[in-house]
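Here's the structure we're looking at; comments come further down.
Residue numbers (the working numbering), protein chains in the order written: chain V, 1 to 1039; chain R, 1 to 519.
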């Protein structure tokens, strides 16, 4: 019988669609007793009977349909005397990316993780500003990856003829047979190709494997790595060391292409430290950040002094600085006038700040530059002061490039007969000049453990599903070396296994469950007996092993170093590869949140065009959206152009991580895969590149400035935001010198015309019993998007897809407005970020125009949206001067973001109930309505969090609180909005304006605070703090 | 000048007689040029030698004889467009407003542009019926019926858009003040609610006005009907009219009252529609000139549409003797006058933007004229301000082709006016970060075209089945209506003369030499 497909049903394979007996058998095996016809054919009576019985059974067993993880977890806040259904619980965990763990706190609702935040208990989060629980966008979006329906669900065996879905049992049999052979040869011929990890358990199992099978080989590869930094430390100090800057103590930092605040593995911490030295502008002191870079990075956009430079010039600049500071073994190169000015200013500032200065070198730069950087820091006396060096176990290994090259040559030489690929995606991202595909094909048995059946899986004989980090036990080390445990939040949805579990299988361990493997590791590190259990539970609870951070070392610089830098091929373009801020190296390509997250600087979504400076674009006669043909030594490719102000002239920026072919429905064929251009020799940057106009165009989806702005609009935009180093009506900014001279400068009328004094008292104060308000500090905002994703996860915000972003219908409740200041031709452009969410105007223009009173004010100053009253006239959005309202033009939750919206013939508001994938809907926050199509929505100041705290406080027993009546009082900091929580720089502060001591009240009284568009008398509750820059100035010495 | 003319009653009478003779020739000539403004005589409003019988025959025959092929062709086109409308609206409601081109800053696009456009069209009918009636502009009788019909159909088109443009059309009834268990009322502060009332009242009163005025003519149709079905249907709608004096009396009173009721509505509806924009705070919308500016624009657009319908209709249905050149000439003059008012409003708006000193508003106006949508702005300026200037020339005004083209420009221009106001304002408001352009989709274009399908379907049905010209009213301005009516009044020869109930013969006496020289 042909199975009839309705458009509500998903099918997983053609076999299932055809409904053959084989697939019936499989379904029968997976869901015993499940008969699809029975459910469909159920009469009302039998349905009621079945439901009644189910509910009764659920009541009897108390565990009816729940999917509780059976393992023992230690809850973070609620004592485990009994779970409260409907009350979320938080668990500490980690996510490892590129061998560095990010400490996380996972919010779980009824057994399903729904939100990821940073772990404030982790020492890495302990900044001078307090314990900040911020996680970056990629970590926060990983919860969406967990519920990705495109993740691999089956063990697949691939023969030459065709792939065949099989099961774990047959995989184990095949593996056991192979291992029998391997054991006989001492493991010779076994190769592991893994992602980088610093997990103690994985390292322990690796050691055991290599011990059991000494002939086995272990290779590691990451497309983005910090190898050069370790290698540089090795040449400088004779040991592989990590560097950590202490920006909270630094007066002057000179960064050479090091994107400390954006892509560095420790960027959340760096951002927090840096922002504390920005906020101190109020005390007249600020860090000064010099940035010489070959792209426009997040760090570059907030640098006080920036120099756009070709990649090949970065080394010369560093050498020039070193020479100026008297580092031996380096000759001062010839610099241009502009470069000379930059280096002279940096050198004099560094000299004056002494050990409070620091130099940072980009992870992708050559080892000798890191060496030179260390030499400068040593010379300044910064090591031990603003720079610490430490060694993390696991870092002492061959570099990724060495390792992958060795793998390819070993495989091609036939030295490998069994290959296990743990994660990664080398077929997609390995250097183009290594024939990785041929290498894998040369291996008779190749096994891929992966979250997705991706490019690499297709080349291996076996694909086995990997469990997500939120589904499996593990451990890892943070950037500072602190050991943490990775706790599962949910049973593996698709029957995946972790790396540790497969390793244990390879070793032939008896116990192979992740929990026990991690316990064994900690059993070796912790005291035994009852004490162990207690300590281990503390580690689980806190999410870290206390005092396990790597120890600082103060090594001696090896003498006799000599540095020389070749000049680049003149007159041609250079290419600089950049990490995607959403997709990372491509592994997050199937995450809709990250694909639609606007790049902080370009505001680009769903694409990776080539970045060109205005001058180069003019020379090539191209504009944003035109295609160019790039010819590199490694190959040639057509790419669309994005004309990026601030892009160094002569440099083409290429973003990695796009153009996936096998990532899933979201990520396939999105953007352009530039890995085929990237060779070992040009792994980070390439020179001798030619670019020619391709006479084709391409549609790019940006959330700001979709179309090239005309001269009139450009002029007006500059008028409103202010020119370079000028304060504008919307963006207030000044320099530290001016601010110190006149701290009231932002309150002076500049044009004298727009300032309105209130002629009458507003009839309502909206302050009973609280007056919620917010302050956003533009001085510390780095545009990193952590808040955007936090808001998306917290508030069930859908993605809309590229076509819809091109129509400007993206739904983010918080957007980060990015303005460039200065001429587009100027490579040293100024950038300002202004996060904008609903301003909660006391005199809200949206409210008075809504014909059905669907948006109204509450007594505490919240501008609330009543979704089921809204009929969607969109008048509120038209009348909102901040344009922060978002309209559900289509049913975004039901719509395929890559396809067109289809008409829905059923009752309109039932679409989501029937259309949203059962797995995908598990990510929804149950405290927030999932909006139907046709209604308006917007930032609520996280009303669910406000009311959650209010209800919890209200529930505090009066009898209990008699001794302490203040127990029911809501204190400053009790309620934290999602964006505030995620913000690494604490630029967003929410609180009660009735409380004079509250941080938000203090901030709104700050001299830099102002409401935007206040001339419209909207009386917004969200205020902005002006930006203060600290440019190099002859008369001004750093504090 | 021969001053004896002024002193000699005989000479004076000679002059008048000459003019009367000319008028009589015009009255008897088919499609005569009766546009003359000779002060000695009023030109006949019905020409071609029509009497009551032939007038009735001319008008009723449209509905009684088999319609020409052209009607079927027109109907086929209209119905196809109506089908497109049905398709687009269904697709819209089943899928979401996202099938239109509306986007983040541009919350209102074609939907509201079309709404305001059609409401504007709907103004001329009631103006002609009510205000010109109260001002005793007898020439209105030739065109009022189908101008009113046009009003009703335009309001039907307009009324559709607010209903379908909302995100949840199935909940649009929330906008009506229906008592409910939630005790939820609409937000009476919102201009959209005022719209609901204003358009609702306007539609109701216009419909009643139209229908009441049609009752005597429906009775004529009933009486002439051959078939039973026709007789029955027209009979129902004729409300038992039998032409008795009492019926006429009641009818005249009701008509006068409805005219008085409808007159303020002509001004109020578009004023209220303009509040949708004027009460908002967007620069480019927030302007106090909007109510009169919108009313003038609506009358301008409405008359343009009447012209666009009347010129072909009189040709097609043989109504040249009833809708005469004089009617078209008069409407051309109104088009010119209201076009000037609209032009004045544009200039005032721009002047105030500059004079008001609000930089955001100044930018909005610069952006309209020189920004990405400058083409729409200049289209509007050309169509609404420049094109009507040709009508200063009476020669061009009397050229029907020119008149038709100018009226067509005015229709296009008025649509673009709403597009400029709504879309260009929304594309660039306060924060440059949220600026974005607007591109319509095929559904937008299909809905616009489809709304014309709805309009013309209704209009063609009206032409086929209902009296296109108010026969009873036209008859009352024909000389035959005053066959016995001189009653010694000197002005009785004036063909459009309708004496007031209490006339004072002294006032109507010719003020010739006698009066001047009397002691």
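Glycine included, every Cβ here is placed at the ideal spot set by N, Cα and C. Fair warning: this is a prediction, and the values are worked out from it, not measured in the lab.
### Message
I need the boundaries of the alpha helix (DSSP H) containing residue 13(R), first residue and last residue.
### Response
By 1-based counting over the second chain, the position of residue 13(R) is 13. It spans 9 to 28 - the alpha helix (DSSP H) in which residue 13(R) sits, taken as one unbroken run.
### Task
Assign residue 692(V) to buried or exposed, taking buried as 16 or more other Cβ atoms, counted over all protein chains shown, within 10 Å of its Cβ.
As a first step, residue 692(V) must be located in the first chain, where it is residue number 692. The residue is exposed, with fewer than 16 neighbouring Cβ atoms inside 10 Å.
#### Entry: Contact with chain V by residue 193(R), beta-carbon distance below 9 Å
Stepping through the second chain from its first residue, residue 193(R) is reached at position 193. Yes, residue 193(R) lies at the interface with chain V (some Cβ there is under 9 Å from its Cβ).
### Query
DSSP beta-bridge partners for residue 542(V)?
Reading the first chain from its first residue, position 542 is the one you call residue 542(V). For residue 542(V), which the question treats as bridged, DSSP gives no partner whatsoever.
### Beta bridge counterpart(s) of residue 126(V) as assigned by DSSP
For the purposes of this step, residue 126(V) is taken as residue 126 along the first chain, with counting starting at 1. Paired residues: 131(V).
### Message
DSSP has residue 255(V) in a bridge; who is on the other side?
### Response
As a first step, residue 255(V) must be located in the first chain, where it is residue number 255. DSSP output for residue 255(V) lists 291(V) and 360(V) as bridge partner(s).
### Query
Could you give the distance in angstroms between the alpha-carbon of residue 254(R) and the alpha-carbon of residue 25(R)?
The residue given as residue 254(R) occupies position 254 in the second chain. The residue given as residue 25(R) occupies position 25 in the second chain. Going by the C-alpha atoms only, they are around 37 Å apart.
### Query
Quick one, which of 158(R), 35(R), 167(R) and 181(R) has its alpha-carbon nearest residue 198(R)'s?
Within the second chain, numbered from 1, the residue matching residue 198(R) stands at position 198. Comparing Cα-Cα distances from residue 198(R) to each of 158(R), 35(R), 167(R) and 181(R), the minimum goes to 158(R).
### Task
Anything in the segment 869 to 895 of chain V with a Cβ closer than 8 Å to a Cβ of chain R? List those residues in chain order, please.
869, 870, 871, 872, 873, 874, 875, 877, 878, 879, 881, 882, 883, 886, 887, 888, 889, 890 and 891
### Query
Between the C-alpha atoms of residue 394(V) and residue 953(V), what's the straight-line distance to the nearest angstrom?
The residue given as residue 394(V) occupies position 394 in the first chain. The residue given as residue 953(V) occupies position 953 in the first chain. Cα-Cα distance, rounded: 47 Å.
### Message
In the DSSP assignment, the alpha helix (DSSP H) including residue 274(V) goes from what residue to what residue?
### Response
Position 274 of the first chain, counted from the first residue, corresponds to residue 274(V). Residue 274(V) -> alpha helix (DSSP H) spans 267 to 279.
### Query
My guess is that residue 911(V) and residue 904(V) are in contact by the Cβ rule of under 8 Å, so how many angstroms apart are they, rounded?
Translated into the one-based positions of the first chain, residue 911(V) becomes position 911. Translated into the one-based positions of the first chain, residue 904(V) becomes position 904. Sure, about 5 Å apart at Cβ, within 8 Å.
### Message
For the segment 1007 to 1019 of chain V, list every residue whose C-beta sits within 7 Å of some C-beta in chain R, in sequence order.
### Response
1013 and 1016
### Counted within 10 angstroms of its Cβ, other Cβ atoms place residue 524(V) as buried (16 or more) or exposed
Position 524 of the first chain, counted from the first residue, corresponds to residue 524(V). Counting Cβ neighbours within 10 Å, residue 524(V) comes out exposed, since fewer than 16 surround it.
### Query
Given a limit of 8 Å on CB to CB distance, which residues of the segment 236 to 262 of chain R reach chain V?
none
### Message
Tell me the DSSP secondary structure of residue 463(V) in three-state form.
### Response
Stepping through the first chain from its first residue, residue 463(V) is reached at position 463. It is a strand residue.
### Query
Short check: CB of residue 874(V) to CB of residue 98(R), under 9 Å?
For the purposes of this step, residue 874(V) is taken as residue 874 along the first chain, with counting starting at 1. For the purposes of this step, residue 98(R) is taken as residue 98 along the second chain, with counting starting at 1. Against a cut-off of 9 Å, the Cβ pair of residue 98(R) and residue 874(V) comes out as no contact.
### Query
Whose Cβ in chain V lies nearer than 9 Å to the Cβ of residue 168(R)?
In the second chain, the residue the question calls residue 168(R) occupies position 168. 870, 871, 872, 908, 909, 932, 933, 934 and 935, listed in chain order.
### Task
Select from the segment 829 to 855 of chain V all residues with a C-beta closer than 7 Å to any C-beta belonging to chain R, and list them in chain order.
845, 848, 849, 850, 851, 852 and 853
### Where residue 434(R) meets chain V, residues with beta-carbon distance less than 9 Å
What you label residue 434(R) is simply residue 434 of the second chain in a count that begins at 1. Those within 9 Å of residue 434(R) in chain V are 704, 808, 815, 817, 836, 882, 883 and 884.
### Query
So, using beta-carbon positions, are residue 308(R) and residue 399(R) closer together than 9 Å?
In the second chain, residue 308(R) corresponds to position 308, counting from 1. In the second chain, residue 399(R) corresponds to position 399, counting from 1. The answer is no: Cβ separation not under 9 Å.
### Complete beta strand (DSSP E) runs within the segment 410 to 492 of chain R (minimum length 3 residues, chain order)
none
### Query
Taking the alpha-carbon positions, what's the residue 74(V) to residue 856(V) distance?
Reading the first chain from its first residue, position 74 is the one you call residue 74(V). Reading the first chain from its first residue, position 856 is the one you call residue 856(V). Confidence at residue 74(V) is low in this model, with a pLDDT of 47, below 50, so its placement is unreliable and the value that follows should be read with caution. Each residue's alpha carbon lies about 42 Å from the other.
### Task
Verify whether the separation of the beta carbon atoms of residue 450(V) and residue 583(V) is less than 9 Å.
Position 450 of the first chain, counted from the first residue, corresponds to residue 450(V). Position 583 of the first chain, counted from the first residue, corresponds to residue 583(V). The answer is no: Cβ separation not under 9 Å.
### Given residue 938(V) as reference, the closest of 682(V), 572(V), 779(V) and 863(V) once Cα atoms are compared
Here residue 938(V) refers to the residue found at position 938 of the first chain. The shortest C-alpha separation from residue 938(V) is found at 863(V).
### Query
So residue 414(R) and residue 124(R) are in contact, right, with Cβ under 8 Å, and what is the actual spacing, rounded?
Residue 414(R) sits at position 414 when you count from the first residue of the second chain. Residue 124(R) sits at position 124 when you count from the first residue of the second chain. Going by Cβ atoms, the distance from residue 414(R) to residue 124(R) rounds to 11 Å, so no, they are not a contact pair.
### Query
Can you tell me the Cα-Cα spacing of residue 35(R) and residue 43(R), whole angstroms?
Indexing the second chain from 1 puts residue 35(R) at position 35. Indexing the second chain from 1 puts residue 43(R) at position 43. Taking the straight line joining both Cα atoms gives about 7 Å.
### Message
Along the chain, where does the alpha helix (DSSP H) containing residue 218(V) start, and where does it finish?
### Response
To locate residue 218(V), count along the first chain from 1; it is residue 218. No alpha helix (DSSP H) contains residue 218(V), which is instead part of the beta strand (DSSP E) from 217 to 220.
### Query
What residue from 358(V), 366(V), 396(V) and 362(V) has the CA that sits closest to residue 379(V)'s CA?
One-based indexing of the first chain puts residue 379(V) at position 379. Ranking the options by Cα distance to residue 379(V), first place goes to 358(V).
### Message
If the criterion is Cβ atoms closer than 9 Å, does the pair residue 1073(V) and residue 789(V) meet it?
### Response
No answer is possible for residue 1073(V): it lies beyond the span of chain V, which begins at 1 and ends at 1039.
### Query
Roughly how many angstroms lie between the CA atoms of residue 105(V) and residue 160(R), to the nearest whole one?
Position 105 of the first chain, counted from the start, is the residue given in the question as residue 105(V). Position 160 of the second chain, counted from the start, is the residue given in the question as residue 160(R). Rounded to whole angstroms, residue 105(V) to residue 160(R) spans 52 Å at the Cα level.
### Query
Looking at residue 869(V) and residue 173(R), is the spacing between their C-beta atoms short of 9 Å?
Locating residue 173(R) in the second chain gives position 173, counting from the first residue. Locating residue 869(V) in the first chain gives position 869, counting from the first residue. No, these two residues do not count as a Cβ contact at 9 Å.
### Message
Can you confirm whether residue 263(V), when its beta carbon is compared against all beta carbons of chain R, has any partner nearer than 9 Å?
### Response
Indexing the first chain from 1 puts residue 263(V) at position 263. Not closer than 9 Å to any Cβ of chain R, the Cβ of residue 263(V) fails to qualify, so no.
### Message
Does chain V have any CB closer than 9 Å to the CB of residue 429(R)?
### Response
Stepping through the second chain from its first residue, residue 429(R) is reached at position 429. So, interface residue.
### Task
Output yes or no for whether 9 Å exceeds the beta carbon distance between residue 853(V) and residue 613(V).
In the first chain, the residue the question calls residue 853(V) occupies position 853. In the first chain, the residue the question calls residue 613(V) occupies position 613. In this structure, residue 613(V) does not lie closer than 9 Å to residue 853(V) by Cβ.
### Task
Locate the beta strand (DSSP E) running through residue 293(R), then write down its first and last residues.
Within the second chain, numbered from 1, the residue matching residue 293(R) stands at position 293. Careful: residue 293(R) lies outside any beta strand (DSSP E), inside the alpha helix (DSSP H) at 290 to 316.
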